[in-house]
Amino acid sequence: IFGGLKVNPGGIPWQVSLQVRPKSSNQIFKHVCGGVLIDSCWVLTAGHCIEPNKDMQVVMGGLSLDTDEPADQIIRVAQAMVHENYRETLTAVYNDIALLRLKESSGVCATETQFVKAACLPEDELPDATECTISGWGATEESSLGSNHLLKANVLLINHGRCSEESVYGRVLDISMVCAGHLQGGVDSCQGDSGGPLTCNSNSTSFVYGLVSWGDQCGRQNKPGVYTRVNKFMDWIKSKTQGASP
Ligand code: 4AZ
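Per UniProt numbering, the very first residue in the sequence shown carries number 333; after that it's consecutive.
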């Protein structure tokens, strides 16, 4: 996160760290992306975060990546499902969404606490210029390696037409995307934040409105972050999570 502040304990309880290690190696898991807990056994992340044939786990509840915290819940990923129309071009990423089914132990996955809580999914479109929050452990203006502590920043939803102007992203955007940020630059998501939440408030309830997806570098003028527009994928999410085990 560029231009961010430290998150307080319990501040973004649906934020997860998605971590991978090569299959059946004894190497430790390392953070690759963010994600969003949407149900006890389900996490949303970006499609481009999924590396086939790697063991994956999610860590939630904690703020620091390099210290074990009492609030941490660490759960293995049982199954990863990338959207059937996920597609990457040189300039953009389309339908950049994936679902992770978490492994149950004794019939439970994530346990709801003050620090771990599923996000609500969005029903409606929010107006342009709505203030929302991005969060993650990704690159900062100080360090391209990312932040050890979870960071957050406020961004504004940007009109689709404005974001499709030639001086911004031109014609590559589609309805699976929503731009958010500050066109003057400085405050943005970045590498390592991918898959994490763009959280917006509506009627005093928080919703995961977007997932960090892509952008032309980070924090640049006229190059805001582009987010997967979660409300366009509600039927897809329901079809994958309903009826599937658990
Ligand atoms: C990335 O490389 C990336 N500024 C993520 C988010 C943004 C740019 C790049 C948005 O994963």
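Quick reminder that beta carbons are idealized off the backbone N, C-alpha and C, glycines included.
Here the structure is a predicted model, which is why all the values come from computation and not from measurement.
Asked                                                                                                                             : Found
Exposure of residue 507, with buried meaning 16 or more beta-carbon neighbours within 10 Å                                        : exposed
Close-in-space but distant-in-sequence residues of the same chain around residue 418 (CB under 6 Å, 5 per side omitted)           : 379 and 427
Chain-order list of residues whose beta-carbon lies under 8 Å from that of residue 353 (same chain, five-residue window excluded) : 359, 360, 361, 362, 386 and 387
Residues of its chain near residue 393, where Cβ-Cβ distance is below 6 Å and the 5 sequence neighbours each way are ignored      : 403, 404, 405, 447 and 448
Residue 517 beta carbon less than 9 Å from that of residue 554                                                                    : yes
Identity of the residue in 456, 541 and 431 nearest residue 413 by Cα                                                             : 431
Candidates 510, 537 and 520: closest to residue 559 by CA position                                                                : 510
Residue 555 Cβ short of 8 Å to ligand 1 heavy atom set                                                                            : yes
Any non-hydrogen atom of ligand 1 within 8 Å of residue 398 CB                                                                    : no
Nonlocal neighbours in the same chain, by C-beta distance under 8 Å from residue 435, ignoring five residues either side          : 407, 408, 409, 410 and 441
Start-end ranges of the beta strand (DSSP E) lying completely within the stretch 514 to 551, minimum 3 residues                   : 529 to 534 and 537 to 546
Short Cβ contact (9 Å threshold) for residue 367 with residue 482                                                                 : no
Complete runs of the beta strand (DSSP E) confined to the stretch 388 to 459 [at least 3 residues]                                : 405 to 414 and 430 to 434
Selected residue, minimal CA-CA separation from residue 424, among 497, 390 and 547                                               : 547
Proximity of residue 438 and residue 390 at Cβ, strictly below 9 Å                                                                : no
Residue 520: CB within 8 Å of a non-hydrogen atom of ligand 1                                                                     : yes
Beta bridge counterpart(s) of residue 486 as assigned by DSSP                                                                     : 465
Residue(s) in a DSSP beta bridge with residue 351                                                                                 : 363 and 389
Length of the line joining the Cα atoms of residue 577 and residue 375                                                            : Bear in mind that a pLDDT of 47 at residue 577, under 50, signals an unreliable position, so the number given afterwards is only what the model happens to contain. When rounded, the distance between both Cα atoms is 14 Å.
For residue 371, three-class secondary structure by DSSP                                                                          : strand
8 Å contact criterion, which residue 464 and residue 530 should meet: CB distance rounded                                         : 5 Å
Status (buried if at least 16 other CB within 10 Å, exposed otherwise) for residue 347                                            : buried
Assigned exposure category for residue 337 - 16 Cβ within 10 Å defines buried                                                     : exposed
DSSP beta-bridge partners of residue 472                                                                                          : Answer is none; residue 472 lacks a bridge partner.
Integer-rounded CB distance, given that residue 562 should sit under 8 Å from residue 544                                         : Wrong, their Cβ atoms sit about 12 Å apart, outside the cutoff.
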